[in-house]
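Enquirer: Just dropping this structure here.
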Amino acid sequence: MPKAIYCIHALSLYLFKLGVAPQIQDLYGKIDFTAEEIDNVRMELEKYGIQMPAFGKIGGLLTSQLSVDEAMLHAAVIAVNEAVDRGVASDTLTAMQNPNAMLLGLDKSLSELYQEALSQVKGNKASSAQNTLMTAAEREMYDDLLTHAEIQGNVNQINLLSALEVVEDAIERGDVEGLFAGLQCPNLGLSGLCHENALCYLQKLSDARQCKIQRTDSLEPLNKDELQAVLMAANGEAWRHELSESLLSCGHVVRLPVKPSGPCSAWLLWDCAQGLKARSLICIDEHTSLCLFRCANHLLSKLTFWTVTWYWWFVL
């Protein structure tokens, strides 16, 4: 069981670093292990050369096998922790910007939020470490310090929340261009954005925001998944509207008599069919794409019949 818990914590930390899942809560006081269980797990992991941070100093920092790059990373991470303890946001940001710290996505304008979040998380981690039964000699450094993964995970989380607030503010102001710019923020990682649908995005997101307020009775902004779902729905609606207009615009072609009056009708039908087929290839909504493709093929089949008929009627 201890090995399973450790692996779950490792997976949680990895997902948190990627910004796709919240960090697992501290399990102190909820699960108890005997000294024998802990020692057995440590021995099993050491067979594969895996260091267990909770039971062995700093994951190889005190061994001769530590590479220069790893030592530089550890030193930079420790420097970030010390800066967090001093409580000066600018100093913390400077330490985080050290290339050896290997932290990505840093935003200077969010330095105060980084400082606040890291200070709180570090304090919680230190408190949990104090409540363990391990002696000072048994505890490793990262029982009290934030790891690289924890720092990066919190940076990603702050960046995401900040980007969501920008989108939320644009929705409240009804700012179409501001909203689209906010949705393009790399920290959100949204796909399928189309500037032509920006006004539709604003309308749909405003409706979704009001629905969430009524449903949850809170002012919590729309999250990333909710934004993506609304964008996909808006894109689908926009494409269906465009399809409807396209079909209406070529309605007179579809209603042409069996014996067309000349080659102009055939060329008009050909242009319409090719336009629909081209649109079917770039549709985001699969159902709309299929409808466009079928409509194009239907028009092309009529074109073949009418071309043969025209040739027979007028040429032969």
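FYI, the numbering for the sequence shown is -21 to -1, 1 to 295, going by mature numbering (1 follows the signal peptide of the UniProt record, and there is no 0).
Glycine included, C-beta positions come from ideal geometry on N, C-alpha and C.
#1: Do SER185 and ASN166 have their C-beta atoms within less than 9 Å of each other?
#2: On the criterion of 16 or more Cβ atoms from any shown chain inside 10 Å, does GLY132 qualify as buried, or is it exposed?
#3: Short of 8 Å in beta carbon distance, which residues of its chain neighbour ARG188, apart from the five on each side in sequence? Order them along the chain.
#4: Work out the CA separation of LEU178 and VAL63 for me, nearest whole Å.
#5: If we require 4 or more residues per run, which alpha helix (DSSP H) segments fall completely within the stretch 67 to 139?
#6: Alpha carbons only, please: which of GLY66, ILE137, LEU89 is nearest the one belonging to GLY102?
#7: For GLU91, I'd like the list of residues in its chain whose CB is within less than 7 Å of its CB, leaving aside the five on either flank, ordered along the chain.
#8: For LEU158, count neighbouring Cβ atoms within 10 angstroms of its own Cβ and tell me buried if that reaches 16, exposed if not.
#9: So which of LEU181, LEU125, VAL155 has the shortest CA-CA distance to VAL209?
#10: Pick helix, strand or coil for ASN214, following the three-state DSSP scheme.
#11: Throw me the rounded Cβ distance for the LYS183 and ALA212 pair, which I believe falls under 8 Å.
#12: Taking all protein chains shown into account, decide if GLN76 is buried (16 or more other Cβ within 10 angstroms of its Cβ) or exposed.
#13: Using the C-alpha atoms, what's the distance from LEU143 back to ASP154?
#14: What is the rounded straight-line gap between the Cα of GLU156 and the Cα of GLU49?
#15: Please state whether DSSP places GLY153 in a helix, a strand or coil.
#16: Distance, Cα to Cα, LEU169 vs ASN135?
#17: Which residue's Cα is closest to the Cα of THR71: MET81, TYR93, ASN79?
#18: Taking the alpha-carbon positions, what's the ILE192 to LEU206 distance?
#19: For ASN166, which three-state DSSP category applies?
#20: The alpha helix (DSSP H) that contains LEU201, what's its start and end?
#21: For GLY171, which of helix, strand or coil comes out of DSSP?
#22: In the structure shown, what three-state DSSP assignment does ASP196 receive?
#23: Which whole-angstrom value is the C-beta distance of LEU139 and ASN60, which I expect to be below 8 Å?
#24: Please look up how many angstroms separate the CB atoms of LEU89 and ILE137, rounded, as I've assumed it's under 8 Å.
#25: Less than 6 Å between C-beta atoms, sequence neighbours within five positions excluded: which residues of the same chain meet that for ALA74?
#26: Compare the C-alpha of GLN163 against each of LYS203, GLU129, SER106 and name the closest.
#27: In angstroms with no decimal places, state the Cα-to-Cα distance between LEU97 and ILE130.
#28: At the level of alpha carbons, what is the spacing between SER197 and CYS190?
#29: Nearest by alpha-carbon distance to HIS127: which of ARG219, LEU52, GLU216 is it?
Expert: The structure says:
#1: No, the pair does not count as a contact, with Cβ atoms beyond the cut-off.
#2: GLY132 should be labelled buried.
#3: The answer, listed in chain order, is GLU147, ILE150, PRO200, LEU201.
#4: Roughly 43 Å between the two C-alpha positions.
#5: Secondary structure within the stretch 67 to 139: the alpha helix (DSSP H) runs of 4 or more consecutive residues, fully enclosed, are 68 to 75, 90 to 109 (chain order).
#6: If you compare the alpha carbons of GLY66, ILE137, LEU89 with that of GLY102, the shortest gap goes to GLY66.
#7: Hits under 7 Å: ALA68.
#8: By the neighbour-count rule (16 or more Cβ atoms within 10 Å), LEU158 is buried.
#9: Among LEU181, LEU125, VAL155, the Cα nearest to that of VAL209 is on LEU181.
#10: Reduced to three states, the DSSP call for ASN214 is helix.
#11: Confirmed, about 6 Å.
#12: Looking at its Cβ environment, which holds fewer than 16 other Cβ atoms inside 10 Å, GLN76 is exposed.
#13: When only Cα atoms are considered, ASP154 and LEU143 end up about 15 Å apart.
#14: Pairing GLU156 with GLU49, the inter-Cα distance amounts to about 45 Å.
#15: In the three-state reduction of the DSSP assignment, GLY153 falls in the coil class.
#16: Taken atom to atom, the span from the alpha-carbon of LEU169 to that of ASN135 is near 15 Å.
#17: For THR71, the nearest C-alpha among the options comes from TYR93.
#18: Roughly 15 Å between the two C-alpha positions.
#19: Coil, per DSSP.
#20: Note, LEU201: premise wrong, no alpha helix (DSSP H); not H, not E.
#21: Collapsing the DSSP output to three states places GLY171 in coil.
#22: Coil at ASP196, not helix or strand.
#23: Contact between LEU139 and ASN60 fails: their C-beta atoms lie close to 23 Å from each other, not under 8 Å.
#24: The pair is a contact, with the Cβ atoms about 6 Å apart (cut-off 8 Å).
#25: The residues are ALA58, VAL59, ALA62.
#26: Ranking LYS203, GLU129, SER106 by Cα distance to GLN163 puts LYS203 first.
#27: C-alpha separation (whole angstroms): 7 Å.
#28: Across the structure, SER197 and CYS190 are spaced so that their CA atoms are roughly 11 Å apart.
#29: Minimum Cα-Cα distance from HIS127 among the listed residues ARG219, LEU52, GLU216 corresponds to LEU52.
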